[in-house]
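Input: a single structure, listed below in structure tokens.
Residue numbers (my numbering): 5 to 223.
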């Protein structure tokens, strides 16, 4: 049993490492895009000024439209009050939008948390990745992720709900059976472990066409 436990621990550690690497790559790409847009800012202004001076309103409108689309892809769409939470959620929201998933988020998080940034990254990264994966099984018009985060007295509350193609699931041994690959299962175990270590609370709820995960973390 000890050998099996060590094998599982190694696989979970490997999954955690892969998750962090993927997340940081997403964040790096988001900021690279933002830096590139700021670098081109002066050039954009010069082009717009030229169109205005020539009285070419159609070209001016078309250029502004293209800039709006470009800026929306790198804009910080959510400001929670906590920098780490902003980075994680905005990178994932950007990823979801690129896959034509509607995201509705309402998050208010204190500047300082006792929960470590690594733990926060793993929890939110897993929940968001699982939600995106589930939504991708649906037609574009049915893809939806709802996120809510706020303080409940001295505890950080987070709720992730996503639409899904699955019917209501039943728990087996206190858990919902995953039909995904090993990585998905390790991710769920990792989230449970972190919540337990932080003396928190986690609840998963399955309904026809929707899945919700709620977490409370003492601060």
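Every residue gets a Cβ at the ideal spot worked out from N, C-alpha and C, and that includes glycine.
Suppose contacts are defined by Cβ-Cβ distances below 7 Å. Is residue i in contact with residue j by that definition?
i	j	result
residue 148	residue 217	no
residue 107	residue 92	no
residue 113	residue 153	yes
residue 151	residue 100	no
residue 220	residue 204	yes
residue 212	residue 171	yes
From which residue to which residue does the alpha helix (DSSP H) around residue i run?
i	result
residue 107	Not the alpha helix (DSSP H): residue 107 falls in the beta strand (DSSP E), residues 106 to 111.
Using the three-state DSSP reduction, which class does residue i fall into: helix, strand or coil?
i	result
residue 96	helix
residue 166	strand
residue 159	strand
residue 119	coil
residue 175	strand
residue 53	helix
residue 185	Interpretation of residue 185 is limited by its pLDDT of 49, a score under 50 that renders its predicted location unreliable; the figure taken from the coordinates is listed afterwards. Correct three-state label for residue 185: coil.
residue 221	strand
residue 153	strand
residue 89	helix
residue 216	strand
residue 83	coil
residue 129	helix
residue 271	One cannot answer for residue 271 here, as it falls past the ends of the chain, which runs 5 to 223.
residue 140	coil
residue 69	helix
residue 196	helix
Assign residue i to buried or exposed, taking buried as 16 or more other Cβ atoms, counted over all protein chains shown, within 10 Å of its Cβ.
i	result
residue 167	buried
residue 201	exposed
residue 195	buried
residue 186	Any answer about residue 186 is weak, because its pLDDT of 48 lies below 50 and its placement is not dependable; what the coordinates show is given next. By the 10 Å Cβ count, residue 186 comes out exposed.
residue 69	exposed
residue 169	exposed
residue 94	buried
residue 133	buried
residue 160	buried
residue 85	exposed
residue 59	exposed
residue 215	buried
residue 165	buried
Identify which residue in the options has its Cα closest to the Cα of residue i.
i	options	result
residue 103	143, 129 and 87	143
residue 162	169, 62 and 222	222
residue 125	64, 90, 156 and 57	90
residue 135	204, 71, 208 and 122	208
residue 145	128, 105, 156 and 116	105
residue 123	156, 175, 88 and 211	88
residue 83	111, 59, 65 and 56	111
residue 206	60, 127, 140 and 71	127
residue 158	116, 129 and 214	116
residue 138	65, 73, 210 and 197	210
Could you tell me the boundaries of the beta strand (DSSP E) in which residue i lies?
i	result
residue 211	205 to 211
residue 145	Careful: residue 145 lies outside any beta strand (DSSP E) and carries neither H nor E.
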